[in-house]
Structures are given as C-alpha cells and as structure tokens.
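Going line by line, the protein sequences match chains A and B.
Counted the way my numbering counts, the first sequence spans residues 121 to 345.
Counted the way my numbering counts, the second sequence spans residues 121 to 345.
The beta-carbon is built from N, C-alpha and C at its ideal position, and this holds for glycine as well.
2 protein chains.
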Amino acid sequence: MTIRVVVADDQALVRRGFVMILRIHPDIEVVAEAGNGLEAVEAAHRHRPDVILMDIRMPEMDGLEATSRILAEADWGPKVLILTTFDPDEYVYKALRSGASAFVLKDIPPEQLATSVRTVAEGGTLLAPSITRRFIDRFAQRRTVNAALAARLDRLTGREREIVIAVAWGASNAEIAGQLVIGAATVKSHVSSILTKLGLRDRVQIVIFAYESGLVEAGEHDVGH
Amino acid sequence: MTIRVVVADDQALVRRGFVMILRIHPDIEVVAEAGNGLEAVEAAHRHRPDVILMDIRMPEMDGLEATSRILAEADWGPKVLILTTFDPDEYVYKALRSGASAFVLKDIPPEQLATSVRTVAEGGTLLAPSITRRFIDRFAQRRTVNAALAARLDRLTGREREIVIAVAWGASNAEIAGQLVIGAATVKSHVSSILTKLGLRDRVQIVIFAYESGLVEAGEHDVGH
DNA sequence: CGCTCTCCCCGCCGCGCGCGGGAGGTCCGG
DNA sequence: CCGGACCTCCCGCGCGCGGCGGGGAGAGCG
Numbered sequence: 121m122t123i124r125v126v127v128a129d130d131q132a133l134v135r136r137g138f139v140m141i142l143r144i145h146p147d148i149e150v151v152a153e154a155g156n157g158l159e160a161v162e163a164a165h166r167h168r169p170d171v172i173l174m175d176i177r178m179p180e181m182d183g184l185e186a187t188s189r190i191l192a193e194a195d196w197g198p199k200v201l202i203l204t205t206f207d208p209d210e211y212v213y214k215a216l217r218s219g220a221s222a223f224v225l226k227d228i229p230p231e232q233l234a235t236s237v238r239t240v241a242e243g244g245t246l247l248a249p250s251i252t253r254r255f256i257d258r259f260a261q262r263r264t265v266n267a268a269l270a271a272r273l274d275r276l277t278g279r280e281r282e283i284v285i286a287v288a289w290g291a292s293n294a295e296i297a298g299q300l301v302i303g304a305a306t307v308k309s310h311v312s313s314i315l316t317k318l319g320l321r322d323r324v325q326i327v328i329f330a331y332e333s334g335l336v337e338a339g340e341h342d343v344g345h
Numbered sequence: 121m122t123i124r125v126v127v128a129d130d131q132a133l134v135r136r137g138f139v140m141i142l143r144i145h146p147d148i149e150v151v152a153e154a155g156n157g158l159e160a161v162e163a164a165h166r167h168r169p170d171v172i173l174m175d176i177r178m179p180e181m182d183g184l185e186a187t188s189r190i191l192a193e194a195d196w197g198p199k200v201l202i203l204t205t206f207d208p209d210e211y212v213y214k215a216l217r218s219g220a221s222a223f224v225l226k227d228i229p230p231e232q233l234a235t236s237v238r239t240v241a242e243g244g245t246l247l248a249p250s251i252t253r254r255f256i257d258r259f260a261q262r263r264t265v266n267a268a269l270a271a272r273l274d275r276l277t278g279r280e281r282e283i284v285i286a287v288a289w290g291a292s293n294a295e296i297a298g299q300l301v302i303g304a305a306t307v308k309s310h311v312s313s314i315l316t317k318l319g320l321r322d323r324v325q326i327v328i329f330a331y332e333s334g335l336v337e338a339g340e341h342d343v344g345h
C-alpha cells in the first residue's frame, strides 16, 4: 500500500526537489502539489492524501492555518508534516497546536525525508533535534528552578503540604477545614506555621510559591469553579 | 573515528543482544559492559566512552542516578542514551532532568539502535515517539486550556490587567497603589471589578487565574523576595 | 449640545485573615 | 522514662481585604 502525499511549498524549485526525492521511493506517491495554503487545503480535500508535506511561509494562507483547516474538516485522518527553514519558538507552538504530527527542518539529509514521511504515515511523531533539545532544556529548567524552591518544602510537615495545595486551589480556611474534616482554627494555625516556615506573608504568596515550586501546575484543575 | 560505547543493563541476555547488534556496525565499538548503576559509573570513568547506553531498572543503583553521577563528574562530555521498556511520565521527567540526551524504548527495530547511537554521539537528541506525542499533547492542551481562560481576559480593561499581574506577583493593595501611583482605595475598586468580571471570589483566585490562563508563568520571577 | 458608555478615581462598612500565645493529645526514639 | 515532633484546638486583637455606592474625565453619537 503506497503512501499518498501532497507537497505544499511556495517555491517551485524547492517543491520539485522534494517531489524528486520522494519519487525515488516506490512506496511513496506524490498525488498533488500546492503553491500556497489555499491550494493545499483544496488539494487535500480533492485527493485525500495520507500525508501533507507543508511549508510554513506561504502566500495567501500560511502552512499553519492551512494545517488547522485541513485537520479540522478532514474525516479520513491525514497527517501533516511541517517542513520549514527556521524554527522560532512561536512557530513551533502554533504548529503543535494546529495538530501537526511532525516539525522538521529543511536541513535534514534527503534520504531522511522519506523516512520521516513513513514515520508520520504510520501514526508516529517527529520533532527536529534542535526543538527536542529546547523542550528538554525547558523541562529541565522548570524542574531545577523548582528544586531551589521545592527544597524549602521539606521544612513543612505532611499536613502542612496538604494545606498548601488546598490553598493553591483557591480554597478558603473554612472550606479547607470542611475538606480535611478539622476545625477552622486548626487550619489557621497550619497556615500561620506555613507562612513563618517559608518566610512568606500572605496566603496569596503561598499560591505563588506552590506554582513556582511545581507543587501545583497550571492545567491541573479548573478555575471557574 | 569510531564511537566508543558502554552498555549498561542488568539482564545479561539483553545486554549481549545490544552488543551483538552494535558490533555489526564498524563505526561503533563497545568498550565495556555494566550490570548495574555502580558498574556503569565505574566503567564510564575507566573507559571514558562517547556514549553510555543505559537501562533504567537496575540493582544497586538505577540508570537515572548513574546518569546524574556520570554527567556531574565527567569532564569529557559523554552522552547518555536511556533505553527502557516502559515509559511512565515519572521516569521521563527524571531522565530529562538527569541530563540524558535520549530516551528511547526497547521496542525499536534493531537497525535503529545504531542510528540512535550515532545521532546522540553527534550531539543530537532523541525521544521515543510516544513520549514526543505526550509532549505535544501536553503543550497543545496547555495552550487550549489557556485560550479558554485567556478569552475572559479581554473583558478586562488595560488598567485591570496591570493589576491582575501585580496581584499575581504577590503585591498587596497598598504596594500596588504605590507602584501605580494611585490611591489604595482605587486599587480595591479595580480588584472588585476584576473579581466580578472574571466570576472569582478572592485575590487568591486571581493569582490562580493568572497562572492557569498563562498571563504569568512559573519561573518568571523570584518568590522569597 | 446633551446623552450614554467606559474607564479611572475615591470613601465607608463588615468580615475574613494573619498574629501572638497557649494547651492538650499521640507517636516515636533516645 | 522523658523530651521532641506533629496534629489538634481555643481566644482575642488589629488590619487588610472585598462589597457597595458614587463622582469626574474622556469618547462616540444623534
């Protein structure tokens, strides 16, 4: 079973280069080409390809917007492989949000292009090494920045950590009391202890500390109660 | 120039399998084997390899701990390739924090092992597709959860957004007043307006909202003032 | 020119919060 | 056995916070 591919790039020369490279492989068939985002969307609907090889910088409509539209309206589960020259953070985030399965740079060796297409067609995901490195660094940094603050957390007792979390969830003292089945005065006592131990002032700063230390993390719970 | 590799895995059979696979490739040389974390650390110092192929689950000392120690003490810039059967989130985070260059699963096709070693030796990074997928999903989710909340932010006026940020920094009303050169009562009024517009109750919940919506982000400022 | 809307500013009141201090209970290890 | 850590609860005080009402300046509009 051959992999049906649409190639979208505004530079005809580059586009043709990709097509030539892919034609070497008998399991890959380029069914259409597109010179901008609109053509890419149309080609996707007309030919229902397995993989769309998409450039970002294109006239009429950029590759990210085209990716979003294709994936939003498609019912046959196509995969999009973003292929670009530059990799600013902004692009990466938008691309990943748009639902693309891969984000690779054009400086890859030619033979790797076919491999990438196959990986994506099989449901896999790919990220350019430099981007992967940034992801790793970002997470590593998060966890180390946390470490400096999280170190203060072991000054707290187990019960106090529970209350820190409850406070970080936006609960009032009375609510925490009901939640942990203890008296309201007890909660206040714990909160005071937490403040002195962590060198903080408000319960507001407790919330900030909880987020900065990684004890709680954005996206874990709802806000609008 | 050959790539010098140390293979660390507690199961001798698996270890030998890796060695056999790598021996096929003339540009890769396995200089030592290790059956646990301690042996891996020692072998690394003795042979100064370019790449350490490291299992996570090992007796004496696990692969993550061994990775941390090796990279902390090494002065010749070795790369660590984590190779494991399972991929729970916990492992991944620890692995990335420990400084490993790659995290791949043992279900990869054999010929890909050598490719991975070469990639890592050249300074590249690798993540298993399933992990990459999770990273992408996580980021995509972050940005959509944010979008839902951040949408409410344009109900606020410019002045109110300033105050939300100041509140999220842990400032009291008086401090905000001094900072913005307005009366303390005015700050209160703004805060009230913010609360009603966002459907919140406390200034605590304002802080939470600021983090959850992405208006402020962990790691942007210090806490212990 | 009036009308309305928005944004920004202020003052007064009740309440929850933070502070200081104290006290009884259990569990653990020296 | 006795000290220490931890959890629990009580009281009273002062202040910052949040709710409510209101006023003034500017913009858009008929």
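Asked	Found
What does P249 of chain A touch in chain B if you count any residue whose Cβ is under 7 Å from its own?	G244 and T245
Which of the three DSSP states is assigned to F223 of chain A in this structure?	strand
Suppose you measure from the CA of A152 of chain A to the CA of E159 of chain A; what does that come to, to the nearest Å?	10 Å
Helix, strand or coil: which one does DSSP assign to L201 of chain A?	strand
If we ignore side chains and look at the alpha-carbon of each, how far apart do N266 of chain B and E332 of chain B end up?	6 Å
H345 of chain A by DSSP, collapsed to three states: which one?	Summary for H345 of chain A: the model assigns pLDDT 44, below 50, so the residue's position carries little reliability; its value from the coordinates is reported in the next sentence. Coil, per DSSP.
According to DSSP, L247 of chain A sits in a beta bridge with which residue or residues?	A:F223
Spatial neighbours of T205 of chain B within its chain, please: C-beta separation below 6 Å, excluding the five flanking residues on both sides.	K226
Restricting to runs no shorter than 4 residues, where is the alpha helix (DSSP H) found entirely within the region 280-315 of chain A?	293-300
Does the region 267-282 of chain A come within contact of the region 315-332 of chain A, defined as at least 3 CB pairs closer than 8 Å?	yes
Could you have a look at L269 of chain A and say whether DSSP puts it in helix, strand or coil?	helix
Have a look at A186 of chain B and G290 of chain A and give me their C-alpha separation to the nearest angstrom.	40 Å
Please report whether the beta-carbon of A164 of chain A lies at a distance below 8 Å from any beta-carbon of chain B.	no
Kindly list, in the order they appear in chain B, the residues whose Cβ is closer than 7 Å to that of G290 of chain A.	D322, V324, Q325 and I328
What is the residue span of the beta strand (DSSP E) that L173 of chain A lies within?	V171 to M174
Establish whether the CB of E332 of chain B and some CB of chain A are separated by less than 8 Å.	yes
Starting from A186 of chain A and walking both ways along the alpha helix (DSSP H), at which residues does that stretch end?	G183 to E193
Hey, would you say I296 of chain B sits closer than 8 Å to V307 of chain B, going by beta carbons?	yes
Given 8 Å as the limit, is there contact between the region 174-184 of chain B and the region 237-249 of chain B, that is, 3 or more CB pairs closer than that?	no
Determine the chain B residues that contact T316 of chain A at a beta-carbon separation under 7 Å, and present them in chain order.	Ordered by position in chain B, no residue passes the 7 Å Cβ test against T316 of chain A, which lies about 13 Å from the chain.
Less than 8 Å between the C-beta atoms of L216 of chain B and M174 of chain B, yes or no?	no
Does the beta carbon of R253 of chain A sit closer than 8 Å to a beta carbon anywhere in chain B?	yes
Alpha carbon to alpha carbon, how far is R136 of chain B from E231 of chain B?	15 Å
Check the DSSP bridge columns for A154 of chain A and list the partner residues they point to.	A:A128
Less than 7 Å between C-beta atoms, sequence neighbours within five positions excluded: which residues of the same chain meet that for G334 of chain B?	N266 and A270
Measuring only the C-alpha atoms, how far is A330 of chain B from I326 of chain A?	14 Å
Using 8 Å as the threshold, is the C-beta distance between V125 of chain A and V171 of chain A below it?	yes
Please name the residue in B:Y213, B:D195, B:E193 and B:R166 whose C-alpha comes closest to that of L184 of chain B.	B:Y213
For a quick check, are the C-beta atoms of R323 of chain B and V324 of chain A less than 8 Å apart?	yes
Any Cβ of chain B within less than 8 Å of the Cβ of A338 of chain A?	yes
What residue from B:R254, B:G157 and B:A268 has the CA that sits closest to G219 of chain A's CA?	B:R254
As a quick exercise: from A:L133, A:P146 and A:I144, pick the residue whose alpha carbon is nearest that of A154 of chain A.	A:L133
For V150 of chain A versus V139 of chain A, is the C-beta distance shorter than 8 Å?	yes
I want to see whether chain B comes within less than 8 Å of V265 of chain A, judged by CB atoms only; does it?	yes
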